[in-house]
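Read top to bottom, the protein sequences are chains V, A, E and F. By the working numbering, the letter at position 269 of the first sequence is numbered 259, and the numbering carries on one by one without gaps. By the working numbering, the letter at position 101 of the second sequence is numbered 91, and the numbering carries on one by one without gaps. By the working numbering, the letter at position 35 of the third sequence is numbered 25, and the numbering carries on one by one without gaps. By the working numbering, the letter at position 191 of the fourth sequence is numbered 181, and the numbering carries on one by one without gaps.
4 protein chains.
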Amino acid sequence: MFFTSDNAAPVPREVLAALAEANTGYTRGYGTDDLTARVQDRLREILAAPEAVVYLVGTGTAANALALAGFCPPWGAVFCHELAHIAVDECGAPEFFTHGAKLVALPGAHGRLTPDTLRAAISSTGGNVHNVQRGMVSLTNVTEAGTLYSAVETAALAAVARAADLPVHLDGARFANAAAATGALPADLTWRAGVDALSFGGTKNGLMGVEAVVFFDPAKAWEFELRRKRGGHLFSKGRYLAAQMLAMLEGGRWLTWAGHANAMAARLAEGLAALGIGFLHPVEANILFPLWAPGTAARLRAGGAAFYDMPAPLGHESARLVTSWATSEADVDAFLALF
Amino acid sequence: MFFTSDNAAPVPREVLAALAEANTGYTRGYGTDDLTARVQDRLREILAAPEAVVYLVGTGTAANALALAGFCPPWGAVFCHELAHIAVDECGAPEFFTHGAKLVALPGAHGRLTPDTLRAAISSTGGNVHNVQRGMVSLTNVTEAGTLYSAVETAALAAVARAADLPVHLDGARFANAAAATGALPADLTWRAGVDALSFGGTKNGLMGVEAVVFFDPAKAWEFELRRKRGGHLFSKGRYLAAQMLAMLEGGRWLTWAGHANAMAARLAEGLAALGIGFLHPVEANILFPLWAPGTAARLRAGGAAFYDMPAPLGHESARLVTSWATSEADVDAFLALF
Amino acid sequence: MFFTSDNAAPVPREVLAALAEANTGYTRGYGTDDLTARVQDRLREILAAPEAVVYLVGTGTAANALALAGFCPPWGAVFCHELAHIAVDECGAPEFFTHGAKLVALPGAHGRLTPDTLRAAISSTGGNVHNVQRGMVSLTNVTEAGTLYSAVETAALAAVARAADLPVHLDGARFANAAAATGALPADLTWRAGVDALSFGGTKNGLMGVEAVVFFDPAKAWEFELRRKRGGHLFSKGRYLAAQMLAMLEGGRWLTWAGHANAMAARLAEGLAALGIGFLHPVEANILFPLWAPGTAARLRAGGAAFYDMPAPLGHESARLVTSWATSEADVDAFLALF
Amino acid sequence: MFFTSDNAAPVPREVLAALAEANTGYTRGYGTDDLTARVQDRLREILAAPEAVVYLVGTGTAANALALAGFCPPWGAVFCHELAHIAVDECGAPEFFTHGAKLVALPGAHGRLTPDTLRAAISSTGGNVHNVQRGMVSLTNVTEAGTLYSAVETAALAAVARAADLPVHLDGARFANAAAATGALPADLTWRAGVDALSFGGTKNGLMGVEAVVFFDPAKAWEFELRRKRGGHLFSKGRYLAAQMLAMLEGGRWLTWAGHANAMAARLAEGLAALGIGFLHPVEANILFPLWAPGTAARLRAGGAAFYDMPAPLGHESARLVTSWATSEADVDAFLALF
């Protein structure tokens, strides 16, 4: 009954097996090894993006901040949702890697930006030397509210960016959950919709600490490599990141694992709804924000459940529950049984 | 016969075993897990530094750059050897993390700084608003030339820094090799000698990508944690870094592994010397710079050996050979047999 | 009838005379000249702050950004009003000079922050390593809406900052107008109220381009000097900045000039009010935001008036009018005659 | 007998007159005024560069650092002479404005780089992700040793940069002295030789604190404007910088003033040589480094002379003497009479 975060879970045995298998003989260093090349190929294939450049880093914050820095100048504004991880959970990493860009945090119901809000924010920014300039747009899918952007919604937002000549980044720390939940093609959720750079998450989906950064246009590859090295994010033993990512990508496991997490969230949501419990946000992937009666959290914790509290409207309590590849039906049912 | 770098080797089976063992159940995230706490305790014990703060990161460049940033202001000069990794191999990471400090790269035979050179450089820096100011000193042990600083030599250099009120960083990417080769107590090579911050290497000594940063004075802990997060170097699943580091620290394995690497280098050096081959630098740890006849490198490579070429005096060829925990006597002997 | 900005006006003849007078003989450079020393003494006297350190720079943006950088770390949040010059009119200079701090722009009627808003923003920031941390508070007096903070209001806001252990910056680009309008002692509007750093404006009050930065605690002096030099803001010929500032400070001219600007704004406000015209914000210093009928701006411009348009509620037009030391009663009356 | 620096002198009366003349009526702000436009035209004319963009800033450090930042990325190396102002006298301003570029300071007799030294330094830099990359070349004319680059020498150095696809910056804090001394066309000393960005000095040649930055290719104009604003170097009252610069450019005064300074240096050099005094560097413009007998400096100072001491070979004393537009023959002769 551990629902604090999808990064609290262990890793699937396939990941350990892949590490063991990769652990033979000598390899070239710094991401020039064969396993890294295989990951890159595999991810290009999954994304139907044969020209894309793919890099592995160790954390989602690194992936996001490096991706943003590849596009947004120091005097640029990054338009994002006010709940975005880059805006509230990275201790200013985007500002650090971009050398001072300004995050413009926009409201939007259930963690989602709307084209109108985005358009208005862009058009009221820049245009003279006194203001920061329009820099780029960063979306998050699955959103921090546990909701989704469909391919069509992504394209609508990217079109607003495009109209202002702005590149688009997608924070896909839970991209697998988004792909599994929407059933959309990875390409349709990214480059075909107008996304230029993707943080493709592995850690929350079962890896020890591996994320991919994908640039759909290879022109920025070399600059990215320099920024990555300079940021201390180039691993000498690339094979151990690659082996994990490959274990996740092979055989569609990335979707299987994320799909399982989503299914467990759905089971939990149904169970809670059956108990008359509502939600702050629609449950669309693997994160739930139940809205329950005061006192509930304490009772659940006394029963052994772990999760984070969330601010709630007066007279309610709220929490954040996250499921993962490791969540079992038994976990869910035991949690529900606490009510 | 793979001598390109100690980071080209696989990891010992104990590391994989530790990962497997760590892979059970849920844990708290972001370095607040029990395994991380155990690593911290163990390293404090090894360093006889009960007050020290210990952090795990994924790369040596991150460890170095974050350690420097913790002490050196943007307008500071970092005094280091001209071969130092921070000066030539990190694509400006120290400049990035310190927000623009200037690396003052000093000469010194066999990769070692002397107190006189250091003192002269410090005294000719700073003192008025037009120059960058004296910031800190960074030493490397094992040096990039494969040589060592004894505890006494470290203390002599740190005393020069201290006299100018400058903090001292030690890049110990191969600290285990230095400790094994000198036989000195870790404390004598670090804080007792006057070192304030230590990059304690794991990756070159057999881990997948784990380094520790140690600050002997805990006053800078919180600032470091913010810099680490902001740099994208805080891993959510800390246990997988900690498990590896712990596997290396338990039972003195860190010294055993490094000692083995040193012994293989010594065996190689003896074998080469017996063939009449000299060296650019004394062989004191696990790196060799043989100076051999033109054409040798090509012949060795044809025989299956791998290593990097190095600039050499006219009429010679040179190379860099690095041994590791994984180098076997058979590797060494097969290499020597190629002559 | 030129009301675009107080920086569009020429400078009083006393400023030119002071430059001419200063233009004799050789002087020491880089702010170590006698005139600079006299300015520093004079400003300390005016502020009743004998320990304060005083520096001259060329622009208000430099003054603000350097003052903020002296207090706020790269991972800090600067709490300010959403109209603050540092937030919207400096192209990210604060982010540049602080190496990436985040400006938290807060709402507040008529350009003024309230203690409650400030307290809430501070308390919802920081506290864990994932967020940016509480950095400092920056107030503006005269505000960008042309309103004032009294000494008591300043102290109330500074007390909120103080309670969270945060330093306070005051952007006083129009500090003279605030002092003249409130009649408060400069000390009561600054350090006695809890202000740590003051940008003391000269340019908008009649100088060619000279601002003072005042730190009430001299402990940060040397760091400031390094930041100033590093930012390219240390002038070799300090006498020409000092002479101007001194001309403004001597004989209370700084208050006379600003008081005149305020009086002209009051005359204008009365005239407009008599015409039935209201204002977006109370007219308290030298900036007016009239709210007039659609078509008015075009008519006034046709008559020769110059000013900026401002966003207005539906069915209205608004503008920003700024008076200065150079505005004459005739200017005001001619403008009013256009109605 | 004040020879400490050309920035210790007052300004010519034409500069004060121009300020007075400019001080009428209202103007547009932030460098969009008519006087600024006239300066830009005039400088384009002087440089025979009709497409060039021209900006005014207040200090030479700002001019240099902004110019470098316009071309060199954070991971770039700036190749310059080891005496260059950017390397030793700007407290790290280039590192600050470029966000961390590395200055590669090269030796060279009498303050001059040679093509061979430059070529060797460039070719040993960059090429893989571990090193900083080749960024740009920065030359200084008049050099810090008081020597000159001819148009041909400038072109030879720029050709080396060009061959490596590197842009070239010229620090022309004393460009007027170089132009006057060489008699070369400004275009031949700059863009025709291959210079991309010029810091065109005004302050050392008689202005209060005005420098121009010239980019010969207008493509970088907008980025420069943002960097300038963000650096706090955009003056609201542009007319007062422009008026001064215009006063210096009109009627060839920039060459007259600098030529006078050069002539006074020549007179001084001849006088000293006649006394049997040698020089550390050839006297080619307005800076002299006499090499005289121990005790001389004290004697001269006792006689009322002011200058800086310089390091000298054993058994000698050295000094730096700088002449300016304001140095008179009487000053020179009085100084010589002290011997």
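Backbone N, C-alpha and C fix where the C-beta goes; we use that ideal spot for every residue, glycine too. None of these values were measured; they are calculated from a predicted model.
Of the residues the options, the one placed nearest residue i, counting alpha carbons only
{"i": "Q234/V", "options": "R220/V, L216/V, A202/V, H250/V", "result": "A202/V"}
{"i": "V204/A", "options": "N13/A, V5/A, L58/A, M(-9)/A", "result": "L58/A"}
{"i": "A327/V", "options": "A99/V, T313/V, A264/V, A248/V", "result": "A264/V"}
{"i": "T107/A", "options": "L96/A, L188/A, G116/A, G285/A", "result": "L96/A"}
{"i": "L270/E", "options": "P303/E, A248/E, L6/E", "result": "P303/E"}
{"i": "V29/V", "options": "G173/V, G125/V, V200/V", "result": "V200/V"}
{"i": "G173/E", "options": "G184/E, A187/E, A141/E", "result": "A141/E"}
{"i": "V122/V", "options": "H250/V, D299/V, G66/V", "result": "G66/V"}
{"i": "R32/V", "options": "T317/V, P176/V, S113/V", "result": "P176/V"}
{"i": "A187/A", "options": "A53/A, D155/A, S113/A, W247/A", "result": "A53/A"}
{"i": "G228/A", "options": "E35/A, F(-7)/A, L46/A", "result": "L46/A"}
{"i": "L262/E", "options": "F214/E, A309/E, M126/E", "result": "A309/E"}
{"i": "A330/A", "options": "V127/A, P64/A, N131/A", "result": "Given that chain A is displayed from residue -9 to residue 329, the structure contains no residue 330/A and the question cannot be resolved."}
{"i": "V119/A", "options": "L258/F, A248/F, A154/F, D79/F", "result": "D79/F"}
{"i": "Y20/F", "options": "R3/E, T49/E, D23/E", "result": "T49/E"}
{"i": "L258/A", "options": "G117/A, W212/A, S318/A, S113/A", "result": "S318/A"}
{"i": "E213/F", "options": "A154/F, L239/F, L56/F, D23/F", "result": "L56/F"}
{"i": "G116/E", "options": "V68/E, A99/E, A169/E, R152/E", "result": "V68/E"}
Boundaries of the alpha helix (DSSP H) in which residue i is found, first to last residue
{"i": "W282/A", "result": "Counting along the chain, W282/A falls outside any alpha helix (DSSP H), though it belongs to the beta strand (DSSP E) covering 280 to 282."}
{"i": "Y387/A", "result": "An answer regarding residue 387/A cannot be provided, because it is not within the stretch -9 to 329 covered by chain A."}
{"i": "R243/E", "result": "243 to 264"}
{"i": "E332/V", "result": "There is simply no residue 332/V to check, as chain V begins at -9 and stops at 329 in what is shown."}
{"i": "S113/F", "result": "105 to 113"}
{"i": "G50/V", "result": "50 to 59"}
{"i": "E4/E", "result": "3 to 12"}
{"i": "I147/F", "result": "The amino acid occupying residue 147/F in the given sequence is Leu; Ile does not appear at that position. First-last of the alpha helix (DSSP H) with L147/F: 141 to 153."}
{"i": "D321/A", "result": "319 to 327"}
{"i": "F20/V", "result": "One detail in the question is off: residue 20/V reads as Tyr in this sequence, not Phe. First-last for Y20/V: undefined, no H or E at that position."}
Residues bridged to residue i (per DSSP)
{"i": "F269/E", "result": "P280/E"}
{"i": "D299/F", "result": "A309/F"}
{"i": "H71/A", "result": "L96/A"}
{"i": "F(-8)/E", "result": "A296/E"}
{"i": "G66/E", "result": "Q123/E"}
{"i": "V158/A", "result": "V127/A"}
Contact test: residue i Cβ vs the ligand ZN heavy atom, cutoff 7 Å
{"i": "A209/F", "result": "The ligand ZN is not among the ligands present in this structure, which contains no ligands whatsoever."}
The beta strand (DSSP E) enclosing residue i, as first and last residue numbers
{"i": "A95/E", "result": "92 to 96"}
{"i": "V127/E", "result": "123 to 130"}
query = Can you find at least 3 beta carbon pairs, one from the segment 178 to 187 of chain V and one from the segment 157 to 166 of chain V, that sit closer than 8 Å?
reply = yes
message = Any contact between the segment 76 to 93 of chain F and the segment 83 to 91 of chain A? By contact I mean 3 or more CB pairs, one from each, below 8 Å.
response = yes
key: Minimum length 3: unbroken beta strand (DSSP E) runs contained in the segment 160 to 221 of chain A   = 187 to 191, 201 to 205
request  = Indicate whether the contact test is met: 3 or more Cβ pairs, each with one atom in the segment 147 to 155 of chain E and one in the segment 92 to 110 of chain E, closer than 8 Å.
outcome  = yes
request  = Determine contact between the segment 11 to 29 of chain V and the segment -6 to 4 of chain A, defined as no fewer than three beta-carbon pairs at a distance below 8 Å.
outcome  = yes
inquiry  = Using 8 Å as the cut-off, can you tell me whether the segment 218 to 231 of chain E makes contact with the segment 246 to 257 of chain F, which would need three or more C-beta pairs spanning the two stretches below that distance?
reply    = no
request  = Answer yes if the segment 277 to 288 of chain F comes into contact with the segment 132 to 145 of chain F, meaning at least three C-beta pairs across the two stretches below 8 Å, and no otherwise.
outcome  = yes
query = How do the segment 72 to 82 of chain A and the segment 31 to 46 of chain A stand: do at least 3 beta-carbon pairs fall below 8 Å, yes or no?
reply = no
message = Taking 8 Å as the cut-off, does the segment 237 to 253 of chain E touch the segment 186 to 197 of chain E (at least 3 CB pairs, one atom from each stretch)?
response = yes
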